[in-house]
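Right, one structure below, let's go through it.
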Amino acid sequence: MLSHLSNAALTFSQRMPTSDEVHVRFLVADGATLTDVASASCEAAVCVDVILYFAEKGAALREVARLLRPCCMLAFTEWEISIKEVKLHRVTTANL
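Counting from 1, position 18 in the sequence shown corresponds to residue 18 in full-length UniProt numbering; the numbering is continuous, with no gaps.
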């Protein structure tokens with residue numbers, strides 16, 4: 001299962017070839033209520049830059065955990081930015 005905000009990224013991913021050994025399901029859904037996915041039905045879940053948008057982060061992560069089989073993998077990426085980086089970005093983009 002893959003979670004991503006960009007429909008373009010999901011469309012691209014769905015066109016990627018898979019093998020008989022690898023079964024991938026891509027879906028667009030509310031991360032806190034994945035009721036159409038059975039419990040313990042996933043071997044891996046990948047969330048790309050979406051967790052910061054969940055209103056109830058704990059509930060969303062518990063829901064993803066519900067989908068995973070025991071000893072399987074959850075991977076996620078998130079942006080982390082500090083005020084210092086924002087100030088530096090403003091300075092460098094202004095060519096100062």
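Virtual Cβ for every residue (Gly too), placed ideally from N, Cα, C.
>> Taking DSSP's pairing of strands, which residues face A65 in a bridge?
In response: BP columns for A65 are empty, so no partner.
>> Assuming contact is defined by CB atoms lying nearer than 8 Å, are R69 and E43 in contact in what I supplied?
In response: yes
> Where does A29 sit, in a helix, a strand or coil, going by DSSP?
Replying inline: coil
> What is the residue span of the beta strand (DSSP E) that A44 lies within?
Replying inline: C42 to V48
> Can the beta-carbon of L74 be found closer than 8 Å to that of V64?
Replying inline: yes
> Quick one: Cα of L61 to Cα of A45, how far?
Replying inline: 11 Å
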